[in-house]
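The sequence shown begins at 0 in numbering that gives the first Met the number 0 and counts up one residue at a time.
As structure tokens, the structure follows; a few thoughts come after it.
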Amino acid sequence: MIFTVTASLLGLLALSIPVGIVLFLLGFGVDQLFSPFPLLRGLGQVVWSSSNSSTLIAIPFFVLLGEILVRGGIAERTYEALDKWFSWLPGGLIHANIGTATMFSATSGSSVATAATVATVAMPQAEKLGYDPKLFSGAIAAGGTLGIMIPPSINLIVYGFLTETSIPRLFLAGLIPGLLMAVAFMMVTAILCKIKPTLGGTSRSFTWSERIGSLQHLLPIVVLFLVVIGSIYAGWATPTESAAVGVAIAMLIAAFNRGVSREMIERCLYGTVRITAMIMLVIIGAYFLNFTLTAAGMGRELKDLLTGLNFSPMGTLMVVILLYIVLGFFIETLSLMVATIPIIVPIMTGMGFDKVWFGILLIVLIEMALITPPVGLNLYVVQGARKSGRLSDVMLGVIPFVLVMLAMIALLVAVPSVALFLPDIL
């Protein structure tokens, strides 16, 4: 059954069928081929139970928050301010890409939205100032992945919902690894541009008065992050409530910057509905597939397969990491999470691994999937914003940042406290 389901999944995805529909089709197939019971009769209950959760309301709020930041002109001002502060480093503007992606990640919670925002603002500057298109676009694609690690993160909310794990603990656990990766991205960029200066484009400098004056454009993002995340850890609001407060503050910031109009609001709402509908279809479809797989004994087969290898817990963890790396080449990230978490996480926690720690490790693996071909969404987002050149340029540009992610995986395995330090002390 494992081989049949995996082959069917890859085959249906290769036909460009929407992921949510693929998950439903696989569920129907498992019901017909592998189960003696009429599992289809449970479809209504599964659809209702998988979507009837107040936790999931945070998803459209965080998506709307990101839409407001993009369409309200806040992202462009943030980028210009960070450009003034990072221009002195080797590869100047590339650091502004990573810095903007980091700050956006701390408010929007979406990797694709972060990559799309930074790419739209940054690409015209890259051509004008003579940056290497490979490294420049690769840094944007990689920086965008921070959107699912640095809190608030839509993917961490989904993980917490599926595994019944504390979302505030997951948010805290993702903060240090996310910031470490952002710093590592910048260090790798600086080293490469120092070795080969032509990668970094034209050198520019700004006065201290210009830099200090630009802080007024960074302050709103910092305040927004402190309100959204601070209200959660102060115990004043749940993640869902803090997301709603964040939307209200983002709208006020956009209004202050004269970025609010009827057209802007319509586009924000349209984008939110479209993205939320896609996410919910995937979640509901994956719930139905997991329901049929569990009833048909897939979880037991997979557990027997892993335990039959007679590996130690650490050896089994290495197999799971390799499995996610391979699957990440072919399966869209949210689908990969939702389809595998209910099966894999109980096995790993049964072997003694911490559920919060494994969630952060999984997110790093999912980040890699976002920038590894042929299905890496951020690659296509950045290429779409470039409007010229080849997709292979973006693929080559992300290689140094994939190596950073592999190093982070090794660090998390060797030193779990990197993820668990903040949740444990707070």
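Even for Gly, the Cβ is constructed at its ideal location relative to N, Cα and C.
Problem set entry | Counted within 10 angstroms of its Cβ, other Cβ atoms place residue 144 as buried (16 or more) or exposed | buried
Exercise. Rounded to whole angstroms, how far is the Cβ of residue 140 from the Cβ of residue 401, which I believe are closer than 8 Å?
Worked result: That belief does not hold up - the Cβ atoms of residue 140 and residue 401 are roughly 10 Å apart, past 8 Å.
Problem set entry | Three-state secondary structure assigned by DSSP to residue 309 | coil
Problem set entry | Continuous alpha helix (DSSP H) assignments of at least 4 residues falling wholly in the stretch 87 to 130 | 91 to 107, 110 to 128
Exercise. Cβ atoms of residue 29 and residue 218: under 7 Å apart, would you say?
Worked result: no
Problem set entry | residue 187 and residue 18 closer than 7 Å at C-beta | no
For this session: Can you say whether residue 426 is buried or exposed, counting buried as having 16 or more other CB atoms within 10 angstroms of its CB?
Result: Past the edges of the chain, shown from 0 to 425, lies residue 426, and the structure says nothing about it.
Exercise. Which residue from 165, 196, 170 puts its Cα closest to that of residue 131?
Worked result: 196
Exercise. Just reading off the alpha helix (DSSP H) that residue 349 is part of, what are its end residues?
Worked result: 332 to 349
Exercise. When the distance is taken between beta carbons, is residue 267 closer than 7 Å to residue 40?
Worked result: At the C-beta level, residue 40 and residue 267 stay beyond 7 Å of one another.
For this session: With DSSP as the reference, label residue 165 as helix, strand or coil.
Result: DSSP places residue 165 in coil when its eight states are reduced to three.
Exercise. Is DSSP giving residue 195 helix, strand or coil here?
Worked result: Residue 195: coil per DSSP, three-state reduction.
For this session: With a 10 Å radius around its C-beta and 16 neighbouring C-beta atoms as the bar for buried, classify residue 221 as buried or exposed.
Result: exposed
Problem set entry | Three-state secondary structure (DSSP) of residue 237 | Coil, per DSSP.
Exercise. Taking the continuous alpha helix (DSSP H) assigned at residue 256, which residues delimit it?
Worked result: Boundaries for residue 256: no alpha helix (DSSP H) harbours it, and the DSSP string shows neither H nor E there.
For this session: Check residue 14 in the structure and name its three-state DSSP category.
Result: Correct three-state label for residue 14: coil.
For this session: Note down, in chain order, each residue of its chain lying with its Cβ closer than 6 Å to the Cβ of residue 236, except the 5 sequence neighbours on either side.
Result: 230
Problem set entry | Nearest-angstrom Cβ-Cβ length linking residue 271 and residue 63, presumed shorter than 8 Å | Confirmed, about 4 Å.
Problem set entry | Residue environment, residue 255, which counts as buried when at least 16 other CB atoms sit within 10 Å | exposed
Exercise. Hey, how far is the Cα of residue 247 from the Cα of residue 253?
Worked result: 10 Å
Problem set entry | Pair within 7 Å by beta-carbon distance, residue 100 and residue 142 | yes
For this session: Determine the direct distance from the alpha carbon of residue 102 to that of residue 302, and round the result to whole angstroms.
Result: 40 Å
For this session: Helix, strand or coil for residue 394, going by three-state DSSP, please let me know.
Result: When secondary structure is reduced to three states using DSSP, residue 394 falls in the helix class.
Exercise. How is the alpha helix (DSSP H) around residue 426 delimited, first residue to last?
Worked result: Residue 426 lies beyond the range of the chain shown here (0 to 425); nothing can be said about it.
Exercise. If you count every other CB in all the chains shown that lies within 10 Å of the CB of residue 150, and 16 or more means buried, which is it?
Worked result: buried
For this session: Have a look at residue 310 and residue 126 and give me their C-alpha separation to the nearest angstrom.
Result: 51 Å
For this session: Grab the span of the alpha helix (DSSP H) containing residue 422 for me, first residue to last.
Result: Start and end: 416 to 424.
Exercise. Taking Cβ positions, are residue 362 and residue 180 nearer each other than 7 Å?
Worked result: no
Exercise. Residue 271 lies in the alpha helix (DSSP H); which residues open and close that run?
Worked result: 261 to 295 is the extent of the alpha helix (DSSP H) around residue 271.
For this session: Kindly indicate the opening and closing residues of the alpha helix (DSSP H) around residue 220.
Result: From DSSP, the alpha helix (DSSP H) with residue 220 extends over 207 to 232.
Exercise. Taking C-beta to C-beta, are residue 354 and residue 54 nearer than 7 Å?
Worked result: no
Problem set entry | First through last residue of the alpha helix (DSSP H) which encompasses residue 64 | Segment 57 to 70, the alpha helix (DSSP H) holding residue 64.
Problem set entry | Option nearest residue 91 by Cα separation, candidates 128, 72, 65, 75 | The candidate whose alpha carbon is nearest that of residue 91 is 128.
Problem set entry | Residue closest to residue 340, alpha-carbon to alpha-carbon, out of 8, 59, 194, 285 | The shortest Cα separation from residue 340 among 8, 59, 194, 285 belongs to 285.
Exercise. Taking the C-alpha atoms as reference points, what is the distance between residue 324 and residue 315?
Worked result: 14 Å
Exercise. Which of helix, strand or coil does DSSP assign to residue 149?
Worked result: coil
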